[in-house]
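Okay, so here's the structure we're looking at.
Spelled out as structure tokens, the structure:
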């Protein structure tokens, strides 16, 4: 517990000023977090991260994450992000030939899915702050944090019925519902101070949906780790695991903020 607290305090001391300043600092943070995230997927798969496949994955992830101004010289040629992803996919498929199937079709599929999963999440992390606002980004992040905290507190106090034991044996329905309730109460209070263009009742309903959605994102990460037989996605955050362990729910919630029209 002591190690978890120390790591959290140090991370917040670094992270919060970056979020407040915004701009290129958030662009850089999103890119770095995404690169660590895609490398964690490679490590969970027991694939080396110093390889052509990993390099292509890193470049593909950056192509998804970075705002348009960093890709202007490419986009001005008429190529789109979809085109870039297509090029990276073809390079990965060519590796199945040059590596004599040491990199195979299944590997390429997982790598491309990892690029989209990690890249999309951190792209919208960047958008929520730099094209939205600090208040919007904090709304999404606090929904996640308070849902997680509420689920833990209610689960410890009242949890009896397992939510999805095959994937995450410690989660309970009571905890899950408690997390949703905390998120809705938070939205009701937050909405008094910030206007996102929705009426308060609608914002509370959105918080209900986002709270459920973020818990599904957490279960996706749990399923991923269970499939690869690992406890944590990485070790970069002592006491907390990896970047994907901390941002799994946000990789679901922050894109949803965009799709719901917040940005």
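Numbering (the numbering used here), first residue to last: 3 to 265.
Ideal Cβ placement from N, Cα and C applies to all residues, glycine included.
Computed from a predicted model, the values in this text were never measured in an experiment.
Unbroken alpha helix (DSSP H) run spanning residue i, endpoints
i: residue 205; result: 202-230
i: residue 122; result: 107-129
i: residue 86; result: 83-100
i: residue 41; result: 26-46
i: residue 257; result: 252-261
i: residue 57; result: 54-67
i: residue 76; result: 74-77
i: residue 249; result: 245-249
Of the listed residues the options, nearest to residue i (C-alpha basis)
i: residue 24; options: 45, 201, 132, 122; result: 132
i: residue 111; options: 164, 87, 233, 198; result: 87
i: residue 22; options: 73, 93, 134; result: 134
i: residue 34; options: 264, 12, 63; result: 63
i: residue 188; options: 220, 159, 143; result: 143
i: residue 260; options: 74, 102, 232, 139; result: 139
i: residue 204; options: 103, 161, 263; result: 263
i: residue 231; options: 92, 30, 169; result: 169
i: residue 226; options: 116, 136, 197, 130; result: 116
i: residue 153; options: 93, 174, 208; result: 174
i: residue 141; options: 235, 208, 69; result: 208
i: residue 26; options: 56, 161, 237, 69; result: 69
i: residue 97; options: 54, 186, 265, 118; result: 54
i: residue 72; options: 29, 114, 44, 118; result: 29
i: residue 46; options: 248, 228, 13, 258; result: 228
i: residue 198; options: 78, 79, 137; result: 137
i: residue 237; options: 222, 16, 42, 10; result: 42
i: residue 200; options: 265, 178, 171; result: 265
i: residue 50; options: 180, 151, 104, 12; result: 104
Close Cβ partners of residue i (< 6 angstroms) along its chain, the five nearest in sequence each way excluded
i: residue 5; result: 240, 241
i: residue 37; result: 60
i: residue 39; result: 120, 245, 246
i: residue 127; result: 32, 256
i: residue 56; result: 44
i: residue 160; result: 176
i: residue 184; result: 148, 152
Nearest-angstrom Cβ-Cβ length linking residue i and residue j, presumed shorter than 8 angstroms
i: residue 124; j: residue 67; result: 5 angstroms
i: residue 212; j: residue 155; result: So it is not a contact: roughly 19 angstroms between Cβ atoms.
i: residue 190; j: residue 206; result: 5 angstroms
i: residue 120; j: residue 90; result: Not quite, the Cβ-Cβ distance comes to about 14 angstroms (not below 8 angstroms), so this is no contact.
i: residue 94; j: residue 113; result: 6 angstroms
Residue i: first and last residue of the uninterrupted beta strand (DSSP E) it sits in
i: residue 151; result: It is not in any beta strand (DSSP E) - residue 151 instead sits in the alpha helix (DSSP H) that spans 136-160.
i: residue 165; result: 164-166
i: residue 170; result: 170-174
Beta-carbon contacts of residue i that lie in its chain and below 7 angstroms, excluding the five residues immediately before and after
i: residue 83; result: 65, 66
i: residue 216; result: 145, 146, 149, 251, 254, 255
i: residue 192; result: 141
i: residue 81; result: none
i: residue 172; result: none
Assigned exposure category for residue i - 16 Cβ within 10 Å defines buried
i: residue 158; result: exposed
i: residue 202; result: exposed
i: residue 8; result: exposed
i: residue 44; result: buried
i: residue 243; result: buried
heavy atom of the ligand MG below 8 angstroms from residue i C-beta
i: residue 210; result: Among the components modelled here there is no ligand, and therefore nothing to report on the ligand MG.
Contacting residues, own chain, Cβ-Cβ under 8 angstroms from residue i (five flanking each side not counted)
i: residue 219; result: 250, 251, 252, 253, 254, 255
i: residue 194; result: 202
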